[in-house]
Amino acid sequence: MSQTDLEIVVDDPTAPEENSPSVTSSGTVEIIVCLLLLALAAILGYDNWRTGASWDSTGPEAGYFPFYLSIVLAGGSLYGLIAALVARRGAAETFVTRAQARRVMAMFVPTLLFCLATQFLGLYVASFLLIAGFMRAIGKIALWKSLLTAFLFTAIMFVTFDIAFDVIMPKGPLEAAFGY
Amino acid sequence: MEAFGLLLHGFAVLLTWKTLALMMVGLVLGIFVGVLPGLGGPNGVAILLPLTFTMDPTSAIVMLSCIYWGALFGGAITSILFNIPGEAWSVATTFDGYPMAQQGKAAEALTAAFTSSFIGSLVAVLLITFLAPMISSFALKFGPPEFFAVYLLTFCSFVGLGREAKHKTVISMSLGLLLAGVGMDTVSGQLRMTFGSSELLRGINFLVAVIGLFGISEILLTMEERLALRGHAASISLRVVLSVWKDLPKYWVTLLRSSFIGCWLGITPGGAIAASFMGYNLAKRFSKDPESFGKGRIEGVFAPETAAHASGTAALLPMLALGIPGSGTAAILLGGLMVWGLNPGPLLFVEHKDFVWGLIASMYLGNVVGLVLVLTTVPIFASILRVPFAAVAPMIVVSCAIGAYAIQNAMFDIWLMLGFGVVGYVFKKIGIPLAPFTLALVLGNRAEDAFRLSMIGSGGDLKVFWSNSLVGSITTLAIVLLFWPAIEKVARRIL
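Written as C-alpha cells, this is what we have:
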C-alpha cells in the first residue's frame, strides 16, 4: 500500500474556454508560412547568387552550398503551399481559438516589453518588472507576493550570474547608481 | 579491456567534492525542469547552459548531462501522478502509469518508472563505454569525403525515416542549413547573407536559436492549454521499492527488449518518442494477456520508460564518437562542447580523454545518484506543481533571456531568441518538426566545410563520394534512406 490520500489540485481561473470561436485555420497559417518561406528562399538565393554560386579554380564558391539550399527550401515550400491549397477544401483544422490567442498574447506582449525594457533599463530591472507585473496582472496573485517573488528571483539571478559565475548581463541606470 | 581502465580513470576525475556537488545541483535542476509544465529535456539543458560557460569542460558536461538525466526522471513523475506527460516520450508511460496511480499504486508505478529508466540508461551507457571508443578510432581514418557522407546519411535518414510529412522535414532542414551559413564563410572569408548588418556578421548562434525555439515557444504553447491539474500525491517507502525490485527478474524479457529498441532508435535518429511507443506496443503484443494493458499493468510502465531512457542515452553515442548528435538534446550538448572550446568528433577520444571518460563515468554515477534522489524526494517535486504557472512562466522567460545574452554578450541575440520563439510556436502548430532544424543548424557549417574540402581535394569531381568502398557505401545508404518511403512502397508491390 502507498499513501495516496493526499491530492494535489491546481486551478486555472483564466483558462481558455472550450467553445471559443476559431481565429484562423491551420491551413491558412500553413499557406502564409509557405509564402514567407518562399520569399525568404528567394532573397537568400539572390544574395548567394550575387556572392558567387558557381565553381572557380579552388572548388565551389562561397555562395554555392547555400544557393542550392535556397532552391531546396523553395521547392519544399512550394510543395507545402500546393498541398495546403489542395487540402483546404477539406476540413479546416483550428490553428488557434480566440480565447487561446488572448492567452498567448498575454504571454507574448509582456515578453516583448521585457526585451525592450532590457535594452534600456538592463536585464535585472526588466526581469523584476516582468515577474511582478505578470504575476499581478495575469496571475491575479497578491501584490506583496508578486513583488517579493520578483525581487527574490532577480536577486538570486544577479548573485548567481553577475557575482558567482562572472556571466555579465546588460545593465541600466539603476545598476549604474549602485556602481555596477 | 582498455575501456575499463579508462573508465576507472574517468571515475577518478569525477570523484571530487566539487564535481559531485555539481552533479547533485544538475540532477535537482533537471528533475525540476522535468516536472514543470512547459519545460523538459532540451529546453532545460538549453536554458541552463549559460551557467556552465565559465566552468571547465568536464564539470560543465557533468552538470549538463545530470540536468538531462534529471529531466528524464522528472517527466515520469507528472505522467504517473497527473496524467500529464511532461515530454512526448512520456506519453506511453501515462497509459498504465496513471491508472496505477488511480488504483492507489502510485508509489509502485513511480518506482517501476525510475527503476526501468535506470536500467535503460545503464544498458545504453554500457554500449557507449565499449562501442564509442571503437567507432571513434575507426572514424579517425575518415577524410572530408567520409565525413560529408556521414553528415549526408544523418540528414537523409531524418527525411526518409521521420514520421512527419516529408516536405516539412525538408523545409525545416534546409532552413537550418541556410541559417547556419549566415555570417563569414569559413573557407573563403567572404560575407554571406548578412545584408550589410553588423549584427549578422557573427552568424546565427545555434544556442540562441534553440533557446527561442524550445524555451520561448514552449511557454507560448503551454499558455494555450488549460493549466488546471488534479492528481495524486505520493511518497515512496522502502518497502514498496523492495517489493517492486523483487519482481524485476520476472520482467527481464520486457526490460531487455525495450533496452534494445531504445539503443537502436537512439543511435539512428528515430528518437525516444518512437522508442517509448514501440517498447510499449511490443510488450503488449508479446504479452499473454494484452487486454490488461492500459488498465494499470506494471509492465506497461517498465516497457516505455526503459526504451525512452535507453534511447535518450544512446543518442549520445554518435555525438561522442562522430560529432553527430542523435537527438535534440544531444545537439544542444554538442553546441555546449563548442562553447567550451572542444571540437566534437573522433579526435575527442584522443585529445580530451579526461573529458570523454569523465562524461561516461558521470553517466553511471549520475544515474545511480539520480535514482536514489528521485525515489526519496518525489513528494517535494510533485508539490512543485502547486506553484502557479503565472509565477513560473515569467521566470522561465528571464532565464531564457539570460541564456541567450550570455552566449555572445549581444542584445541582438535576445531579439533573435524572441523571433525564434515565434517561429517555433508557429512551426510546432503546423507540424514542421524542429529537430531537423536544430541538427542542421549545428552541423551545417561542418557539413559544408567537409563538402568543399572534398571538392578541393578531388578538383570538383563528385565521384569522390564513391571513390572507395567505405565512402561509397555510406553515400549510397544515404540516398537509399532518402528515398526509403518510395522504395518501401515499390518493394511491397513487388513482393
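Protein chains in written order, with the numbering used here: chain A, 1 to 180; chain B, 1001 to 1495. C-beta atoms are modelled at their ideal positions from N, C-alpha and C, and glycine is treated no differently.
Give the interface partners of residue i over in chain B, defined as CB-CB distance under 7 Å, in chain order.
| i | result |
| --- | --- |
| A/P79 | The question names Pro, but residue 79 of chain A in the sequence shown is Tyr. Result: H1167. |
| A/P170 | Y1405 and M1411 |
| A/E30 | I1430 |
| A/F95 | K1429 |
Compare the C-beta of residue i with all C-beta atoms of chain A and state if any pair is closer than 9 Å.
| i | result |
| --- | --- |
| B/Y1425 | yes |
| B/L1051 | yes |
| B/S1192 | Looking at the sequence provided, one finds Arg at residue 1192 of chain B rather than Ser. Output row for B/R1192: interface = yes. |
| B/A1390 | yes |
| B/V1422 | yes |
| B/K1429 | yes |
| B/K1018 | no |
| B/D1185 | yes |
| B/A1113 | no |
| B/L1441 | no |
Quick check: is any heavy atom of the ligand MG less than 8 Å from the C-beta of residue i?
| i | result |
| --- | --- |
| A/V86 | As for the ligand MG, it is missing from this structure, which has no ligand bound. |
Return the first residue and the last residue of the alpha helix (DSSP H) that residue i is part of.
| i | result |
| --- | --- |
| A/S25 | Looking at the DSSP string, A/S25 is not in any alpha helix (DSSP H); the run it does join, the beta strand (DSSP E), is S22 to S25. |
| B/Y1068 | P1057 to F1082 |
| B/S1188 | B/S1188 -> no alpha helix (DSSP H), and no H or E assigned at all. |
| B/D1413 | M1411 to K1429 |
| B/V1350 | L1348 to E1351 |
| B/D1449 | A1435 to S1458 |
| A/E175 | P173 to A177 |
| B/E1224 | S1217 to E1224 |
| B/T1052 | Segment: none, B/T1052 is in no alpha helix (DSSP H) and carries neither H nor E. |
| B/I1002 | The sequence shown places Glu at residue 1002 of chain B, rather than the Ile named in the question. Residues E1002 to L1014. |
| A/F153 | L143 to M157 |
| B/K1168 | K1166 to A1180 |
Give the straight-line distance between the Cα atoms of residue i and residue j, rounded to the nearest whole angstrom.
| i | j | result |
| --- | --- | --- |
| A/F134 | B/P1485 | 48 Å |
| B/R1386 | A/D12 | 11 Å |
| A/S20 | A/T51 | 50 Å |
| B/L1282 | B/K1429 | 30 Å |
| B/F1142 | B/N1468 | 12 Å |
| A/L147 | A/A15 | 24 Å |
| A/V104 | B/P1042 | 22 Å |
| A/A39 | A/F158 | 42 Å |
| B/F1302 | B/T1254 | 7 Å |
| A/T4 | B/K1295 | Residue placement at A/T4 cannot be trusted, given a pLDDT of 43 that sits under 50; what the coordinates show is reported in the next sentence. Those two C-alpha atoms are separated by around 18 Å. |
| B/K1018 | B/G1323 | 28 Å |
| B/L1248 | B/V1062 | 29 Å |
| B/G1097 | B/G1279 | 15 Å |
| B/A1112 | B/A1132 | 29 Å |
| B/G1030 | B/A1139 | 33 Å |
| B/V1464 | B/V1471 | 8 Å |
| B/I1384 | B/G1034 | 11 Å |
| B/A1512 | B/T1377 | Outside the displayed range of chain B (1001 to 1495) lies residue 1512 of chain B, so it cannot be described from this structure. |
| B/T1129 | B/S1276 | 23 Å |
| B/L1453 | A/G59 | 8 Å |
| A/D56 | B/G1444 | 22 Å |
List the endpoints of the continuous beta strand (DSSP E) containing residue i.
| i | result |
| --- | --- |
| A/T94 | T94 to T97 |
Do we get a CB-CB distance below 9 Å when we pair residue i with the residues of chain B?
| i | result |
| --- | --- |
| A/Q3 | Confidence at A/Q3 is low in this model, with a pLDDT of 42, below 50, so its placement is unreliable and the value that follows should be read with caution. Taking Cβ atoms only, chain B reaches closer than 9 Å to A/Q3, which makes this a yes. |
| A/I163 | no |
| A/A106 | yes |
| A/G76 | yes |
| A/V159 | no |
| A/A176 | no |
| A/L37 | yes |
| A/V33 | yes |
For residue i, return the contacting residues in chain A, with the cut-off set at a CB-CB distance below 7 Å.
| i | result |
| --- | --- |
| B/S1188 | A62 |
| B/I1414 | C115 and T118 |
| B/G1181 | F65 and P66 |
| B/V1170 | V72 and G76 |
| B/V1397 | T111, F114 and L130 |
| B/T1054 | F165, D166 and V167 |
| B/L1238 | Neighbours of B/L1238 on chain A: none; closest Cβ ~12 Å, over 7 Å. |
List the residues of chain B that residue i touches, going by C-beta distances under 8 Å, in chain order.
| i | result |
| --- | --- |
| A/R103 | M1223 and E1224 |
| A/F153 | M1395 and V1398 |
What does residue i reach in chain A if we use C-beta pairs closer than 9 Å?
| i | result |
| --- | --- |
| B/F1032 | Correct list: empty, because the minimum Cβ distance to chain A is about 14 Å. |
| B/F1206 | By Cβ distance, chain A contributes nothing, its closest Cβ being about 16 Å from B/F1206, past 9 Å. |
Could you tell me which chain B residues have their CB closer than 9 Å to the CB of residue i, listed as they occur along the chain?
| i | result |
| --- | --- |
| A/A83 | A1165 and H1167 |
message: Counting only Cβ-Cβ distances shorter than 7 Å, please list the residues of the stretch 1446 to 1474 of chain B near chain A, keeping chain order.
response: E1448, F1451, R1452, M1455, I1456 and G1460
- request: Report the residues of the stretch 40 to 73 of chain A with a CB closer than 7 Å to any CB of chain B, ordered along the chain.
  value: L44, D47, N48, T51, W55, T58, G59, P60, A62, G63, F65, P66, L69, S70, V72 and L73
message: Short of 7 Å Cβ to Cβ, which residues in the stretch 120 to 145 of chain A face chain B?
response: L123, S127, L130, I131, F134, M135, I138, G139 and I141
task: With 8 Å as the limit, tell me which residues of the stretch 14 to 27 of chain A have their beta carbon closer than that to any beta carbon of chain B; keep them in chain order.
output: A15, P16 and S26
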